[in-house]
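Residue numbers (the working numbering): 194 to 1023. Structure first, then comments.
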Amino acid sequence: QDMNHMDEGVEFLPAMNSKKVEKRGPKRRVVITVLVVVFLLVSLTTGLLIWHFKYRNAPVRKVFNGHLRVLNWEFLDAYEDSSSPEFSMLAQKVKSTMEEIYRNHADIGPYHKETVITAFSEGSVIAYYWSEFLVPKYREQSLDRAMADKQSLVQRWNPRLRNPLLKVESVIAFPVDPGIAHSARDNSCMFSLHAKEGQVTSFTTPGFPNSPYPNNALCYWALRADASSRISLTFKTLELEPCRDDSDYIKVYDSLSPVEPHTLVRLCGNYAPSYNLTFLSSQNVMLITLVTNKEGRFPGFKAEFFQLPKMKACGGTLKGESGTFTTPYYPAHYPPDTDCVWNIEVPSVKNVKVRFNMFFVLEPGIPVSSCTKDYVQINSTRYCGERSQFVVASTTNKIQVRFHSDQSYTDTGFSAEYLSYDSSDPCPGKFTCNTGRCIDRSMRCDGWLDCVDGSDERSCTCTEQQFRCQNGWCKPKFWVCDNVNDCGDNSDELQCSCAADSFKCDNGKCVPNTQKCDGKDDCGDGSDEGSCSTAGQTAVPCKEYTYKCRSGRCISKQNPECDGEQDCEDNSDEDNCNCGTRSYVRKSRIVGGQNSDVGEWPWQVSLHVKGQGHICGASLVSESWLVSAAHCFLPLQGIRYSDPSLWTAYLGLTDQGDRSGPKVQTRRIKRIISHPFFNDYTYDYDIAVLELQSPVTFSAVVQPICLPDATHNFPVGKDLWVTGWGATTEGGTGASILQKAEIRLINQTVCNQLLMNQLTPRMMCVGILTGGVDACQGDSGGPLVSVEPSSRMFLAGVVSWGDGCAQRNKPGVYSRLTSLRDWIQQHTGL
194 QDMNHMDEGV EFLPAMNSKK VEKRGPKRRV VITVLVVVFL LVSLTTGLLI
244 WHFKYRNAPV RKVFNGHLRV LNWEFLDAYE DSSSPEFSML AQKVKSTMEE
294 IYRNHADIGP YHKETVITAF SEGSVIAYYW SEFLVPKYRE QSLDRAMADK
344 QSLVQRWNPR LRNPLLKVES VIAFPVDPGI AHSARDNSCM FSLHAKEGQV
394 TSFTTPGFPN SPYPNNALCY WALRADASSR ISLTFKTLEL EPCRDDSDYI
444 KVYDSLSPVE PHTLVRLCGN YAPSYNLTFL SSQNVMLITL VTNKEGRFPG
494 FKAEFFQLPK MKACGGTLKG ESGTFTTPYY PAHYPPDTDC VWNIEVPSVK
544 NVKVRFNMFF VLEPGIPVSS CTKDYVQINS TRYCGERSQF VVASTTNKIQ
594 VRFHSDQSYT DTGFSAEYLS YDSSDPCPGK FTCNTGRCID RSMRCDGWLD
644 CVDGSDERSC TCTEQQFRCQ NGWCKPKFWV CDNVNDCGDN SDELQCSCAA
694 DSFKCDNGKC VPNTQKCDGK DDCGDGSDEG SCSTAGQTAV PCKEYTYKCR
744 SGRCISKQNP ECDGEQDCED NSDEDNCNCG TRSYVRKSRI VGGQNSDVGE
794 WPWQVSLHVK GQGHICGASL VSESWLVSAA HCFLPLQGIR YSDPSLWTAY
844 LGLTDQGDRS GPKVQTRRIK RIISHPFFND YTYDYDIAVL ELQSPVTFSA
894 VVQPICLPDA THNFPVGKDL WVTGWGATTE GGTGASILQK AEIRLINQTV
944 CNQLLMNQLT PRMMCVGILT GGVDACQGDS GGPLVSVEPS SRMFLAGVVS
994 WGDGCAQRNK PGVYSRLTSL RDWIQQHTGL
């Protein structure tokens, strides 16, 4: 070993540059970091370039529709024909002028692709066009702003432009679906019609009525009238694809350009003949478009139009004790862009009030709280939307009524009357609501809110037939314990609830929660065993209250039949479901009346006896079978009404005075089968089925109603509908127009007490929701209808008997279909 005590065989070499050795590790890390940063920068740059060229610069196709006014040009009749040389010449001039305007606008010119002139109309000459643009995505908003700036477009024009022949103003442009431009090149479904003085012109969709309108089509009908006129358009028949987001539709425009701000109405589905489909233009042009998809086959429409002079003035001064006034052209839709002012004055010793009997001033998407578009204004208050009859009173003998409609979406309008009144006795012989409305004194304290503010039901003394709510209101006793808060403070339901550990049955009985869904009918009506499983296909033991599939398997789901869902494994719950629907889904908006619309109740049947007219009602349940009441066929005054040859059935009937109408079907009766247990004293088992001599043909106004399964549950408190031509007042004559009334199912126990224990399990008790409507004589045998959550309608009952007619505190009694369902099936096979 040496002096350092190390082995002599070991030798260390000195480093040449100790600093270089120390820095070699950190330098490598720096190089790696730089490479990573460079890679990220390259990736980011590449991404930005890709985004810039592929996304930010991605071309977007934009189409604008609109019109402009040519001031220094006279309108010629030849301009109505787009194939005429005169049209082509002017169209080229307008097109060149517009291209020049676009070219001089930095946000428009570089992206303009094409402009097409589609039509001309008077004033001096109005040119209608569409323009197509291809613009980078990032410039889209700039183009939109530029095209919306009408003044900017006009100011770009000056006499030094290359085409100074036309003086243009009022360039209007609105964005539209780009598909418009493509479809506008195809003129196979484009039509131009001009009204003739004193004549009505009809037109239809292609093929109507023998074949459906085309699929995947865009059709135009350009309507014109003379320069000093406006157009009245009415759709006489309209049957399109049912309304959905992507369904076929019609739009009517107050213009010859299909632009949304000039849309008068959008229509889809089908409409009853009585529906108001009359529209007025503000000028002498109108455009109808039909847009169809690739699905379905539907008849289309038949329409007619004519011209009429423009109103010189709207509104005016009205004087006298009373009078009437309406929106222009009522009951047709009022024209757009209209302002009317009525200054009303009655004698100075009186005050004046205005009563709106009909009020439809509704604009889609506009809340009635704002009334920013169409409205009626009185004393600085605006009114719009759909409103039931209401009164606006003045504290003086004068009142001013203003009406305004904007350029789009019109409605039926209003019908009003003005009346003078003595401020000390504003409703002679009647009760005065706090709102100023007058109602019959009999409506005071009757349990119904006839005054909108409820003033007729305040400070009342309840009768023996009424229940006193905790808030002091009086309500009919048969509304107690029906699961509906009629009092407003729920006091009519407080004594009906069960203990916390109990279940409340539909019949009002309480059972322990432990007995719910235990496979036993502890309630007595099966409600404790209904809907015990969310899965419809869950098999359960078959009981009286469980639905039985065709396979013999029972399921726990309540009311599974024809609800649009497969609950039985064999799908038998959805078989034979071509029933309970209306062809006319759009009904008339009838206010203050109970008249039914055409096709609203297509299963309603009127049973006539020769020489006596309408005797009873019935319900169509198949092509060959009717359901009615057995008591209609009892012998009376020596006439054997059980003889089928005496009877004639009218189907598709709304007006008794129009029994020979083209849509009405007449059938003789082959046989009448009354229930063998029918008791003509108690009216128990009051049911009968009638077989027609020949099957009916189903149509828009003749359809069957669904028969419920014997297990179907119609819960207490459910709203139902009753229809018929019975007497409108007790002891009165029958109605000419089919009547309807919305009523409510009453708690069976409560009703039985009110009717002195006269009810049986085959009966159901129903009461009116408003005064003066209930089933009356002549309605016997007619349908009691339930609208289910699926919107399908079921026959819940048959009009049987009641204590009087239209009595607010006297419920009506109906035969319960579910209790008689097996007997109906036994004799009809349904």
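All C-beta atoms in this analysis are idealised placements derived from N, C-alpha and C, irrespective of residue type, glycine included.
Verify whether the separation of the beta carbon atoms of residue i and residue j is less than 8 angstroms.
i: V545; j: S587; result: yes
i: C742; j: R985; result: no
i: N940; j: C698; result: no
i: L426; j: T456; result: no
i: S821; j: C809; result: yes
i: C653; j: C631; result: no
i: D679; j: N664; result: no
i: C564; j: D532; result: no
i: C710; j: E722; result: yes
i: V263; j: K330; result: no
i: A312; j: S275; result: yes
i: I481; j: I424; result: no
i: L977; j: L883; result: no
i: R1014; j: D848; result: no
i: T774; j: Q593; result: no
Distance check for residue j and residue i, CA to CA, integer angstroms please.
i: P828; j: D873; result: 11 angstroms
i: T1021; j: G804; result: 30 angstroms
i: R746; j: K736; result: 11 angstroms
i: G606; j: Y738; result: 51 angstroms
i: T519; j: S467; result: 20 angstroms
i: R833; j: F826; result: 8 angstroms
i: P959; j: K911; result: Note that residue 959 is Val in the sequence shown, not Pro. Approximately 10 angstroms, taken between the alpha carbons.
i: W350; j: C577; result: Summary for W350: the model assigns pLDDT 49, below 50, so the residue's position carries little reliability; its value from the coordinates is reported in the next sentence. When rounded, the distance between both Cα atoms is 42 angstroms.
i: N250; j: E333; result: 10 angstroms
i: L327; j: S892; result: 50 angstroms
i: S475; j: P528; result: 6 angstroms
i: G975; j: P669; result: 25 angstroms
i: W323; j: V458; result: 21 angstroms
i: F491; j: T942; result: 50 angstroms
i: P734; j: D715; result: 15 angstroms
i: Q348; j: N258; result: In this prediction, Q348 has a pLDDT of 47, which is less than 50 and means its spatial position is unreliable; nothing more can be read from the coordinates.
i: E657; j: V889; result: 50 angstroms
Can you name, in chain order, every residue of its own chain whose Cβ lies under 8 angstroms from the Cβ of residue i, other than the five neighbours on each side?
i: I783; result: Residue confidence for I783 is low, a pLDDT of 45 falling below 50, so the modelled location carries little weight and cannot support an answer.
i: E762; result: Q730, C742, S744, R746
i: W1016; result: H868, I880
i: L511; result: F518, W535, N536, I537, E538, Y611
i: D439; result: N486
Hey, residue i and residue j are a contact pair by Cβ (cut 8 angstroms); roughly how many whole angstroms apart?
i: Y464; j: Y777; result: 6 angstroms
i: W796; j: I880; result: W796 to I880, Cβ: 16 angstroms. No contact.
i: T628; j: V645; result: 6 angstroms
i: Y272; j: S450; result: The pair is not a contact, with the Cβ atoms about 15 angstroms apart (cut-off 8 angstroms).
i: W794; j: L931; result: 7 angstroms
i: D567; j: D530; result: In fact, because the Cβ distance is near 11 angstroms, the residues do not count as touching under 8 angstroms.
Excluding the 5 residues preceding and the 5 following residue i in the sequence, name in chain order all residues of the same chain whose CB lies nearer than 6 angstroms to its CB.
i: S799; result: H807, Y843, L846
i: E325; result: V256, K306, E307, A374
i: G786; result: Confidence at G786 is low in this model, with a pLDDT of 46, below 50, so its placement is unreliable and the value that follows should be read with caution. If we look at G786 and ignore the five residues flanking it on each side, it has no Cβ neighbours.
i: T398; result: Y406, G493, F494
i: C436; result: C461, G462
i: F553; result: E579, D604, T605
i: M291; result: T308
i: A410; result: C382, T485
i: E204; result: Residue placement at E204 cannot be trusted, given a pLDDT of 43 that sits under 50; the coordinates are not used to answer.
Less than 7 angstroms between C-beta atoms, sequence neighbours within five positions excluded: which residues of the same chain meet that for residue i?
i: R634; result: K623, F624
i: E267; result: S317
i: A728; result: Annotation note: pLDDT 46 at A728 (below 50); position unreliable, no value reported.
i: V393; result: E497, F499
Beta-carbon of residue i versus every beta-carbon of chain D: anything under 8 angstroms?
i: Q570; result: Checking the listed chains, one finds no chain D in this structure; it contains a single protein chain.
Under 8 angstroms, with one C-beta from each stretch per pair, do the segment 430-439 and the segment 498-516 reach the 3-pair mark? no
Count Cβ pairs between the segment 383-392 and the segment 362-369 that sit closer than 8 angstroms; are there 3 or more? no
Are the segment 613-633 and the segment 554-571 touching by the rule of at least three beta carbon pairs closer than 8 angstroms? no
Using 8 angstroms as the Cβ pair cut-off and three pairs as the minimum, do the segment 1004-1017 and the segment 890-908 touch? yes
Does the segment 329-338 touch the segment 261-277, meaning 3 or more C-beta pairs lie closer than 8 angstroms? no
Decide if the segment 404-419 is in contact with the segment 569-583; the criterion is three or more beta carbon pairs, one per stretch, under 8 angstroms apart. no
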